[in-house]
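**Q**
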Amino acid sequence: MSQIETLGILEEIQALVSDKLQVVSYKWLSRNFLVSSNVAKRLLAEFVEKHGSGLEVVYSLSGWLKNSPSNYHIQLVTGPKLSEAKQVYDGNCRVHVYSVQACIPKDLAALWNTEFIQAEELFKQPTSVDNCLRDNRFCGISNSFVKRNVDGTPAKVATAQPNSVGISGLSIHNSAQFSAPLPSQQNKVQQSSSKVAQKPPIVVKGIKSDSISGGVHDLATKPSADKEKNTSFPSNKKKGQNDKGSTGNGGSLANFWDRASAKPKTCSVPADNIDSIQNSNDAQISACEAVEHENSDIDAQEVNFGRASNSEGNRKRRVVLDLSDEDEYEDAVNLASPDPPKRKSFLGSIQNSKTSVPERPDVDKPDKDEVTVKEERTANREPNRSLGEETSLGSKSTNGKNSSSVKLESQLPETDLKKDKVTDASPNSPKRRKVLKTRIDDRGREVTEVVWEGEETEVKKVESDVPKKAGSGATNATTNTVANTNSRYAVGTTAPSNPGVKTGNKKAGNAKDPKQGNILSFFKKV
Amino acid sequence: MEVDSQEQLQRKQSTYLSLDENFEIQKEVYRGQQYSQIYFARLHMMRTLLYSLVPNWKSHLPVCTVLELEEGKECIIVGTLYKHMKLKPCILDEYSKERSVAPLIKPHNFMHQDDYLVLEDESGRVKLGGTKLSPSVYVTGVVVALHGKETSAGAFFVEDVLEAGLPPQIERPLKSREDKYVVFVSGLSIGSSSSNPLQFQLLVDHITGHLGDEEEQGLAAEIVHLVIVGNSVEISHGLLNGQNLASKDQSRLSEPFKELDILLTQIAASLPLDIMPGSSDPANFALPQQPLNRCLFPGSATYNTFRSCTNPHCFELDSIRFLGTSGQNIDDLTKYSEAKDKLDFLERTLRWRHLAPTAPNTLGCYPFTDRDPFLIDSCPDVYFVGNQEKYETRLLKGLEGQLVRLICIPRFCETGVAVVLNMRNLECHALTFGTQISS
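Respectively, the protein sequence lines represent chains A and B. Everything in the first sequence is counted per full-length UniProt numbering, starting at 1 for the first residue and increasing by one. Everything in the second sequence is counted per full-length UniProt numbering, starting at 1 for the first residue and increasing by one.
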């Protein structure tokens with residue numbers, strides 16, 4: 001190190017120790033000034049020489065003990081006791097300055113605090129940052145064989161999960177609300193989607209404030225509400241996926257959702273709408289974000305930015321996340337599935353919207369590709385996705401599981417495509433959708449359940465998801481569980497039209513049986 | 001290897017092979033079974049082994065099952081020992097005694113002079129008499145061969161005992177190895193009031209090469225592996241009483257893990273690290289304990305040097321076989337039998353060829369159906385146990401030339417002692433840390 005640098009650092013140490021009364025250990029020094037530990041020790045030794053008077057110094061002694069020869073002893077001693085401590089060592093012991101401080105704390109462990117706080121700060125940096133804590137660059141030993149996975153590690157997934165769960169919960173809640181709207185809304189959605197496609201942020205914003213806060217009823221009243229609904233689900237998914245995809249956004253997304261539940265969810269929706277509608281139009285997105293920013297928190301904006309930045313590439317992930325979450329709330333989400341006739345009308349409207357929004361055409365193709373790609377990817381999670389998609393897509397017949405319907409939709413104008421893209425998770429969903437049915441069950445309760453209608457191509461996927469979801473447990477316990485049980489029973493009554501749900505639920509039920517044990521095992525020969 | 005001080009030292013490496021598959025229970029299916037199957041598997045494996053050893057021991061005597069015993073006839077029987085203990089805590093005692101009188105089970109020794117042994121196989125059981133077999137040495141679950149005869153009282157008078165003895169050891173290729181060290185530490189108990197974080201930080205600094213001058217760092221560069229043998233965290237029991245925690249208490253639950261994770265990150269960035277669960281760690285209670293979940297270590301699990309292992313843990317480093325536990329098996333032996341020191345218990349488990357003979361009797365164990373994973377087939381070169389009171393070590397020599405280094409690793413939070421093993425000659429030394437001002 002150059003003399004000037006050294007002097008500068010020494011002066012800083014002086015200031016820290018005398019004025020701020022901080023414990024300056026060699027490790028703290030090395031990490032703070034980005035020098036190797038050995039250099040830091042030398043610096044500290046120099047400091048002690050020049051300015052050490054009046055300050056307490058802690059030395060580290062290490063060596064083999066005299067009394068027990070197979071004992072390598074490392075200890076910390078204060079200055080005055082140094083010579084005495086050296087006696088216990090057999091031969092020469094190595095000494096170096098461990099730390100410099102204004103006074104020795106009563107508990108030597110307090111020496112460790114400053115260093116640990118520094119380590120903690122380094123530790124809390126985003127996992128993609130390779131700081132001196134993580135690669136141990138200032139130690140005296142190099143180790144080229146140590147590798148660190150930054151992407152796709154289980155740790156990351158774990159940390160992202162709370163956010164996604166939060167988001168998914170919200171999205172499911174949203175979807176539940178959104179699914180409540182009936183076909184009429186879907187029609188409106190279709191119409192509004194075209195409108196939204198035409199109109200920039202302002203419209204979206206309006207939709208946002210209306211739909212999310214109002215829930216189903218509001219959506220019905222606002223033509224754009226449907227669009228928002230559709231986009232909101234994709235946006236929810238996006239958010240969830242954003243959480244997974246970008247650890248940086250995770251916290252903000254989670255916060256966003258927490259607040260979103262309190263506030264109108266329009267903030268998130270408009271952003272989503274904007275994303276979905278304008279897809280590649282970042283300018284509009286940022287405009288929307290700007291608009292939203294007025295209305296929503298910074299968190300929302302962060303979310304929007306996240307969404308904007310993770311445009312198409314993350315959509316797939318977002319969709320996946322949403323769907324998986326939605327599985328837990330399968331019944332709630334199912335309500336969003338449109339009826340077939342509406343689907344057609346929606347398609348028709350999509351066609352109209354396509355023509356009306358010339359700027360979209362280029363987006364269509366990528367959307368299609370995305371949709372198909374997403375479908376493949378999200379194949380595992382179809383039930384979840386279908387739920388989300390259905391709500392978002394509104395009238396779209398693909399209840400997430402309808403790959404064919406998704407593809408159909410992908411051919412539609414951008415808005416629909418966007419929705420598909422977002423929700424595209426349902427790649428191979430059969431042409432089936434969930435329909436809300438109300439009946440009186442045997443206990444005299446009015447039961448509203450979601451039943452499947454349509455083809456059963458995706459039965460398997462549903463089943464695979466349902467047990468998972470059943471196992472994970474619905475958070476909105478009362479309504480969902482009631483709906484779940486009711487749907488299970490309802491499945492029987494609605495017979496062929498709900499194969500997926502039925503088998504899914506049954507599967508969930510069967511999954512529990514082995515754990516309960518088979519009575520015949522008692523009679524088996526051991 | 002000595003390196004010029006101007007160049008950076010290179011850390012030595014060794015090839016690692018994990019042999020923990022036996023201790024994993026992911027593939028096991030629980031169908032409501034109890035423990036008869038694991039006992040049967042144990043008896044079957046050990047009996048086959050003992051039958052092969054009996055001809056070398058006393059070939060002239062017939063071998064029979066317990067039901068085939070005839071009065072006065074000298075024979076050899078093979079079965080599982082059961083020790084009837086008067087003071088052994090029984091769950092029914094809680095209900096028979098009055099609540100106010102019922103004392104808490106204290107982890108002291110439950111031995112009594114009236115304890116007696118019973119030999120049991122699948123056909124029947126017989127009480128054992130005679131002085132050759134001392135109840136204070138044996139515990140329930142050990143499979144032995146006994147030579148003796150039935151007395152008129154219906155008991156079996158034992159004249160001689162055959163234990164399975166040390167398992168065969170795979171020959172290590174003798175090559176002139178350089179000095180490579182493995183460090184064992186256990187009982188960090190981060191989060192407890194008795195743990196001194198500065199001590200552990202000193203250990204981390206020493207191992208990673210921060211502490212000391214170049215010569216000392218050269219020593220540290222020869223450390224190739226670190227094994228953390230259980231009880232790394234300690235959560236205060238007040239937080240674990242089943243009540244809902246206030247949000248401020250919830251952070252107290254996770255603080256020890258964050259601290260441990262930061263420290264492990266520092267270690268994992270330097271050298272390979274194995275962490276085993278212990279009795280106070282958030283892993284399952286029954287042996288074999290499954291690896292600590294990687295989500296507990298978000299920072300350090302990203303390294304390829306970080307390994308979360310089962311308890312018991314078996315691995316090979318440069319073809320030297322290590323086997324060890326976090327201490328539950330030896331602690332249980334301490335409760336139900338007696339010996340001069342813990343190394344004797346270690347030696348006994350090797351001679352009985354079973355890591356935890358008291359499982360599942362008094363030690364929690366998973367009800368395996370087709371095997372007993374605690375049977376020791378091949379003699380390890382290093383056999384360690386963690387969370388003991390003090391550091392002890394001994395080199396055990398077997399009849400067939402086996403050489404085993406037995407190590408008792410003390411609790412670091414109490415003693416500040418870690419154990420360093422030189423793989424070249426299986427010699428151990430202690431690595432102690434002191435942070436007393438008066439030193």
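Backbone N, C-alpha and C define an ideal beta-carbon position, used for all residues, glycine too. Since the structure is predicted, the reported quantities are computational estimates derived from the model, not experimental observations.
1. Cα-Cα, which of VAL447(A), HIS73(A), SER18(A) is closest to HIS51(A)?
2. Shortest alpha-carbon distance to ASN131(A) belongs to which of SER25(A), LYS20(A), ASN32(A), LEU16(A)?
3. Listed in chain order, which residues of the stretch 52-74 of chain A have Cβ atoms closer than 7 Å to some Cβ of chain B?
4. Quick one: residues in its chain with C-beta nearer than 7 Å to the C-beta of LEU44(A), no 5 flanking neighbours on either side, listed in chain order?
5. Roughly how many whole angstroms lie between the Cα atoms of PRO291(B) and LEU273(B)?
6. Listed in chain order, which residues of the stretch 73-89 of chain A have Cβ atoms closer than 7 Å to some Cβ of chain B?
7. Output yes or no for whether 9 Å exceeds the beta carbon distance between THR334(B) and VAL229(B).
8. Suppose the cutoff is 7 Å on Cβ atoms and the five residues either side in sequence are ignored; what does the same chain contact list for ARG134(A) look like?
9. Any Cβ of chain B within less than 9 Å of the Cβ of PHE523(A)?
10. For a contact meaning CB atoms closer than 9 Å, what does ASN131(A) contact in chain B?
11. So GLN14(A) and THR114(A) are in contact, right, with Cβ under 8 Å, and what is the actual spacing, rounded?
12. Quick check: GLY191(B) and ARG11(B), are their CB atoms within less than 9 Å of each other?
13. Where does PRO256(B) sit, in a helix, a strand or coil, going by DSSP?
14. When you compare the CB positions of ASP281(B) and ASN231(B), do they come within less than 9 Å of one another, or not?
15. Does the stretch 38-55 of chain B come close enough to the stretch 74-84 of chain B that 3 or more CB-CB pairs lie under 8 Å?
16. Can you pull the DSSP bridge partners for PHE285(B)?
17. Whose Cβ in chain B lies nearer than 7 Å to the Cβ of SER37(A)?
18. Would LEU166(B) pass as a contact of LEU399(B) if the rule is Cβ separation under 9 Å?
19. ARG443(A) by DSSP, collapsed to three states: which one?
20. Would GLY91(A) pass as an interface residue toward chain B - the criterion being a Cβ-Cβ separation below 9 Å?
21. For residue 472(B) and ALA359(B), what's the separation of their Cα atoms in angstroms?
22. DSSP has ARG137(A) in a bridge; who is on the other side?
23. Quick one: list the residues of chain A neighbouring ASN304(B), beta-carbon separation under 9 Å, in chain order.
24. Hey, which unbroken runs of the beta strand (DSSP E) at 3 residues or more fall wholly within the stretch 289-360 of chain B?
25. Express the C-alpha separation of THR438(A) and TRP452(A) in angstroms, rounding to a whole number.
26. Suppose you measure from the CA of VAL420(B) to the CA of SER60(A); what does that come to, to the nearest Å?
27. Is the number of C-beta pairs between the stretch 149-159 of chain B and the stretch 336-346 of chain B that are closer than 8 Å three or more?
28. For CYS295(B), which residues from the same chain have a beta carbon less than 8 Å from its beta carbon, with the 5 sequence-adjacent residues on both sides left out?
29. Among PHE322(B), ASP318(B), GLY141(B), which one has its Cα closest to the Cα of MET46(B)?
30. Go through its chain and collect everything with a Cβ distance to ALA85(A)'s Cβ below 7 Å, but skip five positions before and after it.
31. What are the partner residues of ASN71(A), as DSSP defines its beta bridges?
32. Would you mind telling me which residues of chain A sit closer than 7 Å to HIS429(B), beta carbon to beta carbon, in chain order?
33. If you reduce the DSSP assignment to three classes, tell me which class VAL100(A) lands in.
34. Would you say the beta carbon of PHE523(A) comes nearer than 8 Å to a heavy atom of the ligand MG?
35. Check the Cβ of LEU317(B) against every Cβ in chain A and list those closer than 8 Å, keeping chain order.
36. Could you tell me the distance, in whole angstroms, from the CA atom of LYS434(A) to the CA atom of LEU245(B)?
**A** By the coordinates alone:
1. SER18(A)
2. ASN32(A)
3. SER60, SER62, SER70, ASN71, TYR72, HIS73, ILE74
4. TYR26, LEU29, VAL97, VAL100
5. 13 Å
6. HIS73, ILE74, GLN75, LEU76, VAL77, THR78, LYS81, ALA85
7. no
8. ARG148
9. no
10. Within 9 Å Cβ-Cβ: nothing; ASN131(A) doesn't reach chain B, min ~10 Å.
11. Not a contact, Cβ separation roughly 16 Å.
12. no
13. helix
14. yes
15. yes
16. Note: PHE285(B) sits in no beta bridge, so no partner.
17. HIS210
18. yes
19. coil
20. no
21. The structure shown does not extend to residue 472(B), since chain B spans only 1 to 439, so no value can be given for it.
22. None, per the DSSP bridge assignment.
23. PHE145, VAL146, LYS147, ARG148, ASN149
24. 306-308, 313-317, 320-325
25. 13 Å
26. 20 Å
27. no
28. ALA301
29. GLY141(B)
30. LEU61, GLN75, VAL77
31. ALA430(B)
32. SER70, ASN71, TYR72
33. strand
34. Absence of the ligand MG is noted for the structure shown, with no ligands found whatsoever.
35. By Cβ distance, chain A contributes nothing, its closest Cβ being about 14 Å from LEU317(B), past 8 Å.
36. 40 Å
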